[in-house]
Structure formats: C-alpha cells, structure tokens
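Engineer: Numbering (the UniProt record's numbering), first residue to last: 1 to 264.
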C-alpha cells in the first residue's frame, strides 16, 4: 500500500510563464499528467535547501489537517529550456535539471487579504503554531503566502522555513529558539488558542510521522557541496530538529502569546 506521505513524480513538458515573485523565479508549468503546477527550481535562490523546506513544511501542514496544494516531484530533462529566449530563465532551467518540486496550480485562487477576509481563531492558531514550529519567516502582512480557493484557505510557499539549515550548525539551539519573527505573522492577532492547538497537534505528530516525512527528502537534494555530512546524517539532523522542536513547543508558544498580547 502506498504511503500517504509519498509524493508522485511528474515530468515537466512545458514551461508556460515565470512567476516573478521574490528572488526564486518559480514558474507556471505543465507536466505529463496534463496538470499545471507552480514549479520550484533547485537552481534558484537557496537551491535544494529551499525545496527541502517547502517539502517538509508542506507535508507537516498536511499531516496537521491544513490545506496545502498537492506537492509533487518534478523531473526536468537536461534538454528542457534550451529554446527559451530569456537568458536568465534558460540558465535557471539548465541549473535545475533533475528532480525539482512543484505544487498543484490552484486556478482562479485569490491571494489572501487580511483586510477583506476573517480567519477564525482556531484556524489562525493552527497556522501560527505551524509557522512557529517550522520557523517560517514568510507569512506576513506584506507577503501572506495564503490563497483563497473554493472559499477555503490554502497555505503556499514554505521555502523560507527551517532557516537553521543554511548554516547547519548548532541545530540544537535553533530547535529551542523562541522564534521572535512570529511577531510579524499576519494571523497572530487571531491566534488566541495556541495552547489548545499545541495539545491537539502533539497527539498527531510523533517520531514515526517525522521519520516518514524526512524520508521523503530525495537523496540527490542532500548531496551538499562542501558538506562533510552524508545524506543519512543530514536526514538525522532534520529528524532530531523536529523532535526537539516539538518537545520545546512551550517556548515558541509563549513567545507568540507575548507578542500577541503586546499587539492587542
């Protein structure tokens, strides 16, 4: 039986248009299953580490019952993009040959507008808890990284999470950080039920779940240039980070509540 966490793999057949958001240049693309995807490239920005953060953040969110577009591995052929006229995009495609990550394109979705949409306290608390847990710095009023699709709230773009892995040193300290960036979270004013959500999520997340999630990281994404760690050793660090982060949840909950109380 297929593991519920296991991702499908598609082959990109058509590059449609760049989505010029931030520095990572994601693109709208079509794959061999005839679906459209938002394609995240291993050759962009922070490279495979951004893809790992996107993968882990999305899978954890999904395990917690939050809505995330389907994640798939996206194979990019070596010859793909050679006819692309834009040199910057052509370079990006060439540097991204192999396995990339894509999210199912939610056609007709609207960017979440906190001035026009109200999120109930429980859902807001769940999303704030998730972002504090995975240390996601990028869900702010300036860039909400949420969509309204079929009248429901969907989470996108977790590539800025797990920022400890950019230096990959002292993960133990990073796992216990209060995460002060939570003060800028777009949903923090509504997150009044963090303690209740914490109890609920601790019944869902455990070592077995984390092992299954971390095991989804492709080995080729873990072959870091200049790193002395093997792929299995890197996976072990991610696993231990998640376990210690969960054990230390009171630290980041208290931090979030501190900033929430200060803003009310």
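Think of the CB as a built atom: it goes at the ideal place given N, C-alpha and C, for glycine as much as any other residue. Nothing here was measured: the structure is a model prediction, and the numbers come from that model.
Taking one C-beta from the stretch 100 to 108 and one from the stretch 127 to 135 each time, how about it: are there three or more such pairs within less than 8 Å?
Structural biologist: Segment contact: the stretch 100 to 108 against the stretch 127 to 135, fewer than three CB-CB distances shorter than 8 Å; contact not assigned.
Engineer: Name the one or two DSSP bridge partners that residue 154 has.
Structural biologist: 147
Engineer: Does the beta-carbon distance from residue 92 to residue 43 come in below 8 Å?
Structural biologist: For residue 92 and residue 43, yes; Cβs fall inside 8 Å.
Engineer: Here's the rule I'm using: 16 or more other beta-carbon atoms within 10 Å means buried, otherwise exposed. How should residue 110 be labelled?
Structural biologist: It counts as exposed.
Engineer: So, do the stretch 195 to 208 and the stretch 168 to 183 have three or more beta carbon pairs nearer to each other than 8 Å?
Structural biologist: no
Engineer: Can you list, in chain order, the residues of its chain whose CB lies under 8 Å from that of residue 254, leaving out five sequence neighbours each side?
Structural biologist: 178
Engineer: I need the boundaries of the alpha helix (DSSP H) containing residue 47, first residue and last residue.
Structural biologist: First-last for residue 47: undefined, no H or E at that position.
Engineer: Check whether the Cβ atoms of residue 191 and residue 115 lie closer than 8 Å to each other.
Structural biologist: Not a contact, by the Cβ cut-off of 8 Å.
Engineer: Mind the definition here: the stretch 213 to 231 touches the stretch 184 to 201 only if three or more C-beta pairs lie below 8 Å; say whether that holds.
Structural biologist: no
Engineer: For the pair the stretch 29 to 38 and the stretch 138 to 151, tell me if three or more CB-CB distances fall below 8 Å.
Structural biologist: no
Engineer: Buried or exposed, going by whether 16 or more other CB atoms sit within 10 Å of the CB of residue 157?
Structural biologist: Counting the other CB atoms within 10 Å of its CB gives residue 157 a total of 16 or more, which places it among the buried residues.
Engineer: Under 8 Å, do residue 15 and residue 74 count as touching if we go by C-beta distance?
Structural biologist: One thing to note: residue 15 has its Cβ no nearer than 8 Å to the Cβ of residue 74.
Engineer: To the nearest angstrom, report how far apart residue 181 and residue 137 are at their CA atoms.
Structural biologist: If you take the alpha carbons of residue 181 and residue 137, they lie about 6 Å apart.
Engineer: Assuming residue 172 is part of the alpha helix (DSSP H), what are its boundary residues?
Structural biologist: Residues 171 to 175.
Engineer: Report the partner residues of residue 37 according to the DSSP bridge assignment.
Structural biologist: 29, 104
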